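From first to last, the protein sequence lines stand for chains A and B. The numbers in this note's numbering rise by one with no breaks, and the one at position 258 of the first sequence is 258. The numbers in this note's numbering rise by one with no breaks, and the one at position 133 of the second sequence is 1133. One structure below.
There are 2 protein chains.
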Amino acid sequence: MTSIQDIAKKAGVSISTVSRTLNNYPDVGQKTREKILKIAEEMNYFPNAVARSLVQKKTFTIGMFFGNNMNLGFDHPFFLDVISAVREVVGNAGYDLLVFTNKNKNRSTYTTLCRERSVDGVLMLLTGEGKKKNEQMLELQSSGIPCVAIDIPLVGDKCTYVESDNYTGASDAVKHLVELGHRKIGFIGGDEISKTSYDRMRGYQDTLIEKGVGVRPEYIQLGHFSSEKASKATRKLMKDNPEITAFFVVSDEMACAVMDTLQELGFRVPEDISLVGFDDIKEAVHYSPPLTTIKQMKYEIGSEAAKILLQIINDKSFHPEPKTLPCELVVRKSTAHKVD
Amino acid sequence: MTSIQDIAKKAGVSISTVSRTLNNYPDVGQKTREKILKIAEEMNYFPNAVARSLVQKKTFTIGMFFGNNMNLGFDHPFFLDVISAVREVVGNAGYDLLVFTNKNKNRSTYTTLCRERSVDGVLMLLTGEGKKKNEQMLELQSSGIPCVAIDIPLVGDKCTYVESDNYTGASDAVKHLVELGHRKIGFIGGDEISKTSYDRMRGYQDTLIEKGVGVRPEYIQLGHFSSEKASKATRKLMKDNPEITAFFVVSDEMACAVMDTLQELGFRVPEDISLVGFDDIKEAVHYSPPLTTIKQMKYEIGSEAAKILLQIINDKSFHPEPKTLPCELVVRKSTAHKVD
DNA sequence: TTGTATGCGTTATCAT
DNA sequence: ATGATAACGCATACAA
Chain A
1 MTSIQDIAKK
11 AGVSISTVSR
21 TLNNYPDVGQ
31 KTREKILKIA
41 EEMNYFPNAV
51 ARSLVQKKTF
61 TIGMFFGNNM
71 NLGFDHPFFL
81 DVISAVREVV
91 GNAGYDLLVF
101 TNKNKNRSTY
111 TTLCRERSVD
121 GVLMLLTGEG
131 KKKNEQMLEL
141 QSSGIPCVAI
151 DIPLVGDKCT
161 YVESDNYTGA
171 SDAVKHLVEL
181 GHRKIGFIGG
191 DEISKTSYDR
201 MRGYQDTLIE
211 KGVGVRPEYI
221 QLGHFSSEKA
231 SKATRKLMKD
241 NPEITAFFVV
251 SDEMACAVMD
261 TLQELGFRVP
271 EDISLVGFDD
281 IKEAVHYSPP
291 LTTIKQMKYE
301 IGSEAAKILL
311 QIINDKSFHP
321 EPKTLPCELV
331 VRKSTAHKVD
Chain B
1001 MTSIQDIAKK
1011 AGVSISTVSR
1021 TLNNYPDVGQ
1031 KTREKILKIA
1041 EEMNYFPNAV
1051 ARSLVQKKTF
1061 TIGMFFGNNM
1071 NLGFDHPFFL
1081 DVISAVREVV
1091 GNAGYDLLVF
1101 TNKNKNRSTY
1111 TTLCRERSVD
1121 GVLMLLTGEG
1131 KKKNEQMLEL
1141 QSSGIPCVAI
1151 DIPLVGDKCT
1161 YVESDNYTGA
1171 SDAVKHLVEL
1181 GHRKIGFIGG
1191 DEISKTSYDR
1201 MRGYQDTLIE
1211 KGVGVRPEYI
1221 QLGHFSSEKA
1231 SKATRKLMKD
1241 NPEITAFFVV
1251 SDEMACAVMD
1261 TLQELGFRVP
1271 EDISLVGFDD
1281 IKEAVHYSPP
1291 LTTIKQMKYE
1301 IGSEAAKILL
1311 QIINDKSFHP
1321 EPKTLPCELV
1331 VRKSTAHKVD
């Protein structure tokens, strides 16, 4: 409401002096400074971030996209941890978070939305179709807008990504099952578009080969990170290949659906069939039985992404590189030795 | 990057004509309009929201505060549903969401932060200490900034709140237990500062009296929505009053902790002790046993809050009123008839 | 140490 | 139908 003009008038000085005072510049007299500060206090002054942003071309705002297409749904398995970490990191650095939600701009792209809002950088936390590296993604990647994606392999001068070591994680899951004596291991994967899905699939296949077990294409189904599809895939797999004794399912949400389906079909987990998930979502520990899974460091993914983004923003000479964080096998009660 | 000035120059017209064209004003010639539109397209023009906001004094941005003090933690039991609903509603209306995270402004208040950022309105989704109606809250309430709080009884000309019918919800929980034959019903409440906690406590007490059971102060403990405190309260209650056969716990998160603690103490749920929670969080259905609880309409709370906020913003003559949404008893497996 | 003047990109008012 | 110009609130280069 009250501007530096008002203060300047009341203090009998110029607006530049007020501006300098308010921004803690050194070159302002002691008594004038005090007078101005006092008046600002009295008049209940606060700066107008919009005006400042316009002149400085810096908004202290980090943009964020979630969901699948542009912005539908919050179905990311660890949305909460990531946003919590992001908030912590960018908040400490003096930034606020702008979540792009406006749906009245159908002709826009990620890039134009970021430019319109003049965000200083952007974080991509997408799922499903949103992860496809389409034209929009390529545009963003080479736009020069500081950008860090989670699980999407964007690379550019000001653009990189953070992900888990999905390959090793998947490999650990399979090793665990093999060590328990399982040989007929079904696989319920994600989709055919995401690097995440691809890496987990490769981890599964390579490890089976490495362990001398061999890959059976008929044991592989895609669940597209959907509970329904995972359930359907389970039924098909068990019907066509009743010899299967274990499953590796590439997301906990799907793994929960698989477990429910298996139990509906009359199988006991883990007595009849072992099950390993991926993610370590909150529910995993409370499932019956508690789910063995590959834990992703969700909070660290978020905080790494945020830190890298800030570095891209604040250090013009910094060249970002993709960051891969380790996973960890968490053994709970959904896996057991194979019996015959 | 490219401004209306650039377009004006290239098109050989004035910036006002360009502005009018871009904003679909009727009073511009057909051929000039087309020319300008074409050039804007070619030059890859997009408007600068910051500049527009400055002159229009309207940002198309909804501010949002979460967590406990100012912004620590995402511990709200239905953060995800609320934000998802909010996004849907405000997004369709052409707004983006600004999450206040900046921690470098220790002398600011909710009000000054909103004013600095010139948000058009603000949503308060706080927990714990954050729900206390302190000076900052009073300031915000009477600031004239359009504001809707969730579960905090703010009331002002441009300010209101949305909540569940906590009293009736609590009452239904107790009725359910009484109908199952329980008479010694322990209560683990929230805190002494929130209306939410107060209403649930009253629902518990009034219903016990109404049913002729009577209130026993020694059966009442506060858990402050903390798993640890709820667990401790459970131990104390069971130690001091081993005759208790049921608990009403005012949040599912605490109820889960209570269940764990009860089981650790050797009690079976529901055979020995029945348990009713509140909220119906995602985990409730997968607990062992699945938790009987009072379901809050989380998504509706968020969408109602957002709709009311938009109405306050867009209809100057609108006088907001608090909105109370119904709860629903969801009977699962943590409650059973009392046996003796 | 302080003031003057300019510009940031837009919208809006008033002419023409 | 179009243009000139003044805001919006602030930061900053340059003068004094």
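The C-beta atom is built at its ideal place from N, Cα and C for all residues, glycine as well. The model shown is predicted, which means the values in this text are computed figures rather than measured ones.
Residue environment, residue i, which counts as buried when at least 16 other CB atoms sit within 10 Å
i: Leu-265 of chain A; result: exposed
i: Val-348 of chain A; result: Outside the displayed span of chain A (1 to 340) sits residue 348 of chain A, for which this structure offers no information.
i: Tyr-219 of chain A; result: buried
i: Arg-1107 of chain B; result: exposed
i: Gln-296 of chain A; result: buried
i: Met-1 of chain A; result: exposed
i: Asn-241 of chain A; result: exposed
i: Leu-138 of chain A; result: exposed
i: Lys-131 of chain A; result: buried
i: Lys-1298 of chain B; result: buried
i: Asp-411 of chain A; result: No answer is possible for residue 411 of chain A: the residues shown for chain A start at 1 and end at 340.
i: His-176 of chain A; result: buried
i: Gly-277 of chain A; result: buried
i: Gly-1203 of chain B; result: buried
i: Ser-1171 of chain B; result: buried
i: Asn-166 of chain A; result: buried
i: Ile-209 of chain A; result: exposed
Extent of the continuous beta strand (DSSP E) run through residue i
i: Ser-1323 of chain B; result: A quick correction: the sequence has Lys, not Ser, at residue 1323 of chain B. It spans 1323-1325 - the beta strand (DSSP E) in which Lys-1323 of chain B sits, taken as one unbroken run.
i: Asp-1096 of chain B; result: 1096-1099
i: Val-330 of chain A; result: 328-330
For residue i, three-class secondary structure by DSSP
i: Gly-63 of chain A; result: strand
i: Phe-248 of chain A; result: strand
i: Ser-1231 of chain B; result: helix
i: Tyr-1025 of chain B; result: coil
i: Asp-1199 of chain B; result: helix
i: Glu-192 of chain A; result: coil
i: Tyr-204 of chain A; result: helix
Cross-chain neighbours of residue i in chain A, by beta carbon under 7 Å
i: Ser-1003 of chain B; result: By Cβ distance, chain A contributes nothing, its closest Cβ being about 12 Å from Ser-1003 of chain B, past 7 Å.
i: Tyr-1287 of chain B; result: His-286
i: Asn-1104 of chain B; result: Gly-94
Residues that residue i contacts on chain B, provided the C-beta gap is smaller than 7 Å
i: Glu-283 of chain A; result: Lys-1282, Glu-1283 and His-1286
i: Gly-91 of chain A; result: Asn-1071, Thr-1101, Asn-1102 and Lys-1103
i: Arg-268 of chain A; result: Residues of chain B passing the Cβ test: none, with the nearest at roughly 16 Å.
Residue i - containing alpha helix (DSSP H), residue span
i: Glu-1042 of chain B; result: 1030-1042
i: Phe-79 of chain A; result: 79-92
i: Thr-1111 of chain B; result: 1110-1117
i: Arg-1052 of chain B; result: 1049-1056
i: Ala-11 of chain A; result: 4-11
Residue i: contacting residues in chain A (beta-carbon distance under 8 Å)
i: Ala-1170 of chain B; result: Residues of chain A passing the Cβ test: none, with the nearest at roughly 25 Å.
i: Ser-1118 of chain B; result: Asn-48, Ala-49 and Val-50
i: Thr-1059 of chain B; result: Val-50
i: Thr-1112 of chain B; result: Phe-46
i: Arg-1332 of chain B; result: By Cβ distance, chain A contributes nothing, its closest Cβ being about 13 Å from Arg-1332 of chain B, past 8 Å.
Within chain B, the residues that residue i reaches when beta carbons sit closer than 9 Å
i: Leu-54 of chain A; result: Asn-1048, Val-1050, Ala-1051, Ser-1053 and Leu-1054
Proximal residues of chain A, C-beta to C-beta of residue i below 9 Å
i: Leu-1098 of chain B; result: Thr-61, Asp-96, Leu-97, Leu-98 and Val-99
i: Arg-1033 of chain B; result: Ordered by position in chain A, no residue passes the 9 Å Cβ test against Arg-1033 of chain B, which lies about 17 Å from the chain.
i: Arg-1235 of chain B; result: In chain order: nothing, as chain A lies at least about 21 Å away.
- Item | 4-residue-minimum alpha helix (DSSP H) runs that sit fully inside the segment 1238-1326 of chain B, ordered along the chain | Complete alpha helix (DSSP H) runs here, min 4: 1252-1264 and 1298-1314.
- Task: Could you name each continuous alpha helix (DSSP H) segment of 4 residues or more that falls completely within the segment 120-190 of chain A, going from the start of the chain to the end?
- Result: Considered as a whole, the segment 120-190 of chain A harbours 135-141 and 166-179 as its complete alpha helix (DSSP H) runs of no fewer than 4 residues, in chain order.
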